[in-house]
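Numbering (the working numbering), first residue to last: 166 to 204.
Idealized CB from N, CA, C, for every residue including glycine.
Structure below.
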């Protein structure tokens with residue numbers, strides 16, 4: 166998977182989806198998070 170502007174990472178789902186986790190931090194910084202609902 167090589168696409169300009171795309172970063173892929175692997176992490177435990179709780180690190181990503183918990184309140185205040187990685188996904189919330191990305192949204193707070195203005196990034197658009199797409200995919201299944203995490204909340």
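Check: Measuring only the C-alpha atoms, how far is residue 195 from residue 188?; Outcome: 11 angstroms
Check: Closer than 8 angstroms by C-beta to residue 192: which residues in its own chain qualify, once you throw out the five before and the five after it? Chain order, please.; Outcome: 198
Check: Given a cut-off of 8 angstroms, decide if residue 180 and residue 174 are closer than it, judged by their beta-carbon atoms.; Outcome: no
Check: Quick check on DSSP: helix, strand or coil for residue 195?; Outcome: coil
Check: In the DSSP assignment, find the alpha helix (DSSP H) that holds residue 182 and state where it starts and stops.; Outcome: 178-182
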